[in-house]
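Last residue of the sequence shown: 590 (my numbering), numbering continuous.
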Amino acid sequence: MTRGLIVSHKGEHCGVFQFGRNLFETLSRAKEIAWSYCECSSFDELKAVVAKMGPDAILFNHHPYTMPWLAGAPVRELGNAPLFGLLHQVSQEIADAADPAPFDFLICLDPTLVARNPRILRAPRFLPVNPATPPAPPEIFTVGSFGFATPTKGFDRLCAMVNAEFDRARIRINMPVHDDPSLLPDTMMKAVVDKCRTAITKPGVELEITHHFWSNADIVKFLGENTINAFLYEDSPSTGISSCVDFALASGRPFALTRTSMFRNLFHLNPSVFIEDRKLADIAAGDTRMLDAARAEALPEAAAKEWNLSILEAIGSTKAARTTPDGRGYNKILDDRSRAAYTEALADLARYAPEMIARKIERANIQQAFGLDVCKRFLADHPNARILAAGSFEDTAVESLRNMGYRIDEIDPNVNGMTLQDFYVSPKAQLGSYDLVVSVSVLEHVADDEQFVRIISEFLRPGGLAVLTVDFAEKWKPGANKPIVDFRLYTTRDICDRLMPAIGDCVLVDPPRWAEGVEDFEYEGSQYGFAGFVFRKLDAASVRRANVTPVWREMLADAQRGGKKAAAADKMTTIRPMSAIKRWFSKN
3 MTRGLIVSHK GEHCGVFQFG RNLFETLSRA KEIAWSYCEC SSFDELKAVV AKMGPDAILF
63 NHHPYTMPWL AGAPVRELGN APLFGLLHQV SQEIADAADP APFDFLICLD PTLVARNPRI
123 LRAPRFLPVN PATPPAPPEI FTVGSFGFAT PTKGFDRLCA MVNAEFDRAR IRINMPVHDD
183 PSLLPDTMMK AVVDKCRTAI TKPGVELEIT HHFWSNADIV KFLGENTINA FLYEDSPSTG
243 ISSCVDFALA SGRPFALTRT SMFRNLFHLN PSVFIEDRKL ADIAAGDTRM LDAARAEALP
303 EAAAKEWNLS ILEAIGSTKA ARTTPDGRGY NKILDDRSRA AYTEALADLA RYAPEMIARK
363 IERANIQQAF GLDVCKRFLA DHPNARILAA GSFEDTAVES LRNMGYRIDE IDPNVNGMTL
423 QDFYVSPKAQ LGSYDLVVSV SVLEHVADDE QFVRIISEFL RPGGLAVLTV DFAEKWKPGA
483 NKPIVDFRLY TTRDICDRLM PAIGDCVLVD PPRWAEGVED FEYEGSQYGF AGFVFRKLDA
543 ASVRRANVTP VWREMLADAQ RGGKKAAAAD KMTTIRPMSA IKRWFSKN
């Protein structure tokens with residue numbers, strides 16, 4: 003069984019520390035990974051624990067304030083186990099651009115995230131304890147809340163709201179003391195408490211403020227004793243989802259929220275629990291079946307299994323990258339290291355497409371060898387896969403697959419008279435039906451490459467794979483030298499910052515390593531390399547969350563405006579000088 007180690011810091015009166023304990027207790031409920039737990043205050047202390055336990059994966063309950071000793075630490079001395087870090091404060095923008103270093107992967111507790119970053123794992127939220135059956139509601143309408151006494155928690159706003167809405171009510175707020183006085187000084191807490199007391203003007207409205215640092219069970223018990231609980235946080239778009247709702251769900255009581263991004267995981271609830279839509283009394287007395295559904299989704303056992311499977315998948319992807327012929331994964335430069343390693347795939351090209359490969363430049367054949375190898379690896383696990391080849395004319399990888407017996411739908415003006423866009427708008431097109439799309443040495447010859455890769459994505463099923471290669475030069479800029487038949491050469495930034503966001507519902511299968519390769523091919527006076535460019539469609543739920551506008555909708559809108567957008571040319575659509583076309587055939 004896979005052995006996992008959760009690493010946290012030492013100290014109890016801290017939300018990050020408490021989360022680490024909660025996480026360990028939750029993940030231990032599932033059996034996919036055998037988890038251990040340790041608390042460390044130095045890297046040397048951690049090294050000793052790792053050496054003793056020999057984990058297959060290490061998960062850091064990391065926050066810069068609580069684990070400063072990890073910054074700059076030589077983490078590779080911990081061995082080959084993949085390193086996972088928690089990103090406690092996250093938004094979609096932060097996740098998309100996040101660099102996980104010093105970790106291999108970052109885990110985000112935000113079920114609303116679209117995990118477009120290959121090093122980001124989206125994890126479900128979970129109840130800190132099993133759901134409780136609350137006691138009978140109190141006779142006096144009682145509103146509860148809890149959390150550290152920071153100004154953005156809205157405790158004074160809650161007091162003012164209860165004071166305005168009720169003549170007789172009780173407010174109970176627990177504001178624990180933090181371990182680190184520099185983060186939560188006494189003066190800050192006193193200011194928050196004073197504002198709360200000032201907000202209450204009616205004699206029938208009582209305010210009870212406590213400062214306990216409770217266990218999870220005690221917090222849930224406290225919340226269960228109230229008529230309703232309320233969390234009126236100010237908006238903070240760059241932060242993560244607040245954990246207070248996890249406790250509120252576990253208590254079994256109704257709760258009210260502000261429509262802040264910190265509660266974005268509950269925006270879908272209907273009837274609404276947001277004070278911008280309904281009063282506290284209405285939320286407390288209303289239908290709460292939608293909370294039952296949210297509670298069921300966050301049950302610890304189910305969440306633990308999803309966490310463990312996600313981590314195991316990430317471990318598997320790391321191992322899969324190491325098993326490629328050159329051990330460098332998929333999104334890489336296909337340089338001489340690859341030419342030496344992909345001998346089996348190169349031999350397959352010569353065996354299954356001998357006449358076609360004889361017309362090629364030998365050093366360029368690594369593109370098709372790479373494409374063939376990736377396809378065969380995928381097809382080994384998907385024997386009945388539907389395959390689409392976009393730009394298949396004179397492609398030895400496609401020819402080899404066909405001669406191996408695979409059925410392939412080929413799209414190319416020189417094969418079936420269609421560009422990819424022509425096929426996309428034809429009656430034959432079945433969007434979301436292909437398991438594998440292969441397009442080797444095509445994209446650089448496409449005028450509208452963003453539309454091209456978006457169409458590829460629309461043809462893929464959730465979880466489907468796209469295998470491309472492109473002409474690549476990391477320092478290339480528009481206007482610089484390039485082969486005449488290319489519209490552009492690609493760079494890491496161009497692919498990651500332009501193409502992948504344009505697709506929107508796909509992710510690179512592994513972290514890009516294009517900048518590490520040697521651009522060792524010369525053609526028409528241009529020095530560049532060949533790059534593997536492999537991405538997969540996200541799962542169905544993520545695709546729905548991504549809510550990407552399909553290409554056909556844009557085409558329809560353009561037609562309705564009376565415009566005529568230029569067709570997306572593929573590698574044989576644009577007319578080139580015959581000499582250039584002949585040279586291109588030999589190269590590709």
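All C-beta atoms in this analysis are idealised placements derived from N, C-alpha and C, irrespective of residue type, glycine included.
task: Run the CB neighbour count on SER319, radius 10 Å, all protein chains shown included, and call it buried at 16 or more, exposed below.
output: Looking at its Cβ environment, which holds 16 or more other Cβ atoms inside 10 Å, SER319 is buried.
task: Just mark ALA371 as buried or exposed, buried being the case when its beta carbon has 16 or more other beta carbons within 10 Å.
output: buried
query: So is HIS214 buried or exposed if we call it buried at 16+ other beta carbons inside 10 Å?
result: exposed
query: Is there a Cβ from chain D that is less than 7 angstroms from the Cβ of CYS40?
result: Absence of chain D from the displayed structure is noted, only one protein chain being present.
task: Consult DSSP for LYS5 and reduce its assignment to one of helix, strand or coil.
output: According to the sequence as given, residue 5 is Arg; it is not Lys. DSSP places ARG5 in strand when its eight states are reduced to three.
task: Determine, using beta carbons only, whether ALA533 and TRP516 come nearer to each other than 7 angstroms.
output: A contact, by the Cβ cut-off of 7 angstroms.
query: In terms of residues, what are the limits of the alpha helix (DSSP H) holding GLY226?
result: 218-226
task: For the stretch 289-303 and the stretch 134-141, state whether three or more C-beta atom pairs, one from each stretch, are separated by less than 8 angstroms.
output: In this structure the stretch 289-303 does not lie against the stretch 134-141, because fewer than three pairs of beta carbons, one per stretch, are closer than 8 angstroms.
query: On the premise that GLU526 lies in contact with PRO1, defined as a C-beta separation below 8 angstroms, what is that separation, rounded to the nearest angstrom?
result: There is no way to answer for residue 1, as the model of the chain reaches only from 3 to 590.
Whole-number beta carbon distance between ILE368 and SER394, since they are thought to touch under 8 angstroms: About 18 angstroms; that fails the 8 angstroms criterion.
query: What span of residues does the alpha helix (DSSP H) with ASP672 cover, start to end?
result: What is shown of the chain runs 3 to 590, which leaves residue 672 out entirely.
- prompt: Do three or more CB pairs link the stretch 371-385 to the stretch 401-408 at distances below 8 angstroms?
  reply: yes
- prompt: Can you list, in chain order, the residues of its chain whose CB lies under 7 angstroms from that of ALA343, leaving out five sequence neighbours each side?
  reply: Excluding sequence neighbours, ALA343 sits near PRO327, ASP328.
message: Suppose the cutoff is 6 angstroms on Cβ atoms and the five residues either side in sequence are ignored; what does the same chain contact list for ALA151 look like?
response: MET177, MET191, VAL194
query: For ASP397, which of ALA75, ASN386, ARG361 has the nearest alpha-carbon?
result: The candidate whose alpha carbon is nearest that of ASP397 is ARG361.
query: Between VAL228 and ARG174, which are expected to be in contact by the criterion C-beta below 8 angstroms, what is the C-beta distance as a whole number of angstroms?
result: Inspection of the sequence shows that residue 228 is occupied by Asn rather than by Val. Right, their Cβ atoms sit about 6 angstroms apart.
- request: Just mark ALA59 as buried or exposed, buried being the case when its beta carbon has 16 or more other beta carbons within 10 Å.
  value: buried
query: CB-CB under 7 angstroms to MET580, same chain, minus the five flanking residues each way: which ones, in chain order?
result: Low local confidence applies: a pLDDT of 35 at MET580 is under 50, so the model's placement there is unreliable, with the coordinate-based value given in what follows. Cβ neighbours of MET580 beyond the five flanking positions: none.
query: If you scan the stretch 58-126 from start to end, which runs of the beta strand (DSSP E) of 3 or more residues do you find wholly inside it?
result: Whole beta strand (DSSP E) segments, 3+ residues: 59-62, 85-88, 107-110, 122-124.
message: Excluding the 5 residues flanking ASP541 on each side, which residues of the same chain have their C-beta closer than 8 angstroms to its C-beta?
response: Only PRO464, GLY465 meet the Cβ criterion.
- request: Please confirm if the stretch 487-496 is in contact with the stretch 76-84, defined as three or more CB-CB distances below 8 angstroms between the two stretches.
  value: no
message: Which of the three DSSP states is assigned to ALA569 in this structure?
response: Low per-residue confidence applies at ALA569: pLDDT is 46, beneath 50, and the placement is therefore not dependable enough to give any value.
query: Since VAL9 contacts PHE62 with CB under 8 angstroms, what's their CB separation in whole angstroms?
result: 5 angstroms
message: Helix, strand or coil, according to DSSP, for LEU536 in the structure here?
response: Looking at the sequence provided, one finds Val at residue 536 rather than Leu. It is a strand residue.
message: Taking a contact to mean a Cβ-Cβ separation below 7 angstroms, would you say ALA305 touches PRO126 in this structure?
response: Contact check for ALA305 against PRO126 passes: the beta carbons are separated by less than 7 angstroms.
query: If you draw a straight line from the C-alpha of LEU422 to the C-alpha of PHE537, how long is it?
result: 18 angstroms
task: Assign ASP522 to one of three DSSP states: helix, strand, or coil.
output: Residue state for ASP522 is assigned as coil, using DSSP reduced to three classes.
message: When you compare the CB positions of ARG199 and ASN231, do they come within less than 7 angstroms of one another, or not?
response: no
- request: Could you please give the first and the last residue of the uninterrupted beta strand (DSSP E) stretch that includes ASN231?
  value: 230-233
- prompt: Helix, strand or coil: how does DSSP classify ASN165 here?
  reply: helix
- prompt: Taking all protein chains shown into account, do 16 or more other C-beta atoms lie within 10 angstroms of the C-beta of ILE317, making it buried, or fewer, making it exposed?
  reply: buried
- prompt: Taking the alpha-carbon positions, what's the ARG353 to ASP411 distance?
  reply: 22 angstroms
ARG172 in three-state terms, based on DSSP: strand
- request: Keeping to the same chain, check which residues put their C-beta closer than 8 angstroms to that of SER38; ignore five residues upstream and five downstream.
  value: ARG5, GLY6, LEU7, ILE8, MET55, PRO57
query: When the Cα atoms are used, what is the spatial distance from PHE523 to TRP478?
result: Cα to Cα, PHE523 sits roughly 14 angstroms from TRP478.
message: Using a 10 Å radius around the Cβ and a threshold of 16 neighbouring Cβ atoms, would you call HIS270 buried or exposed?
response: exposed
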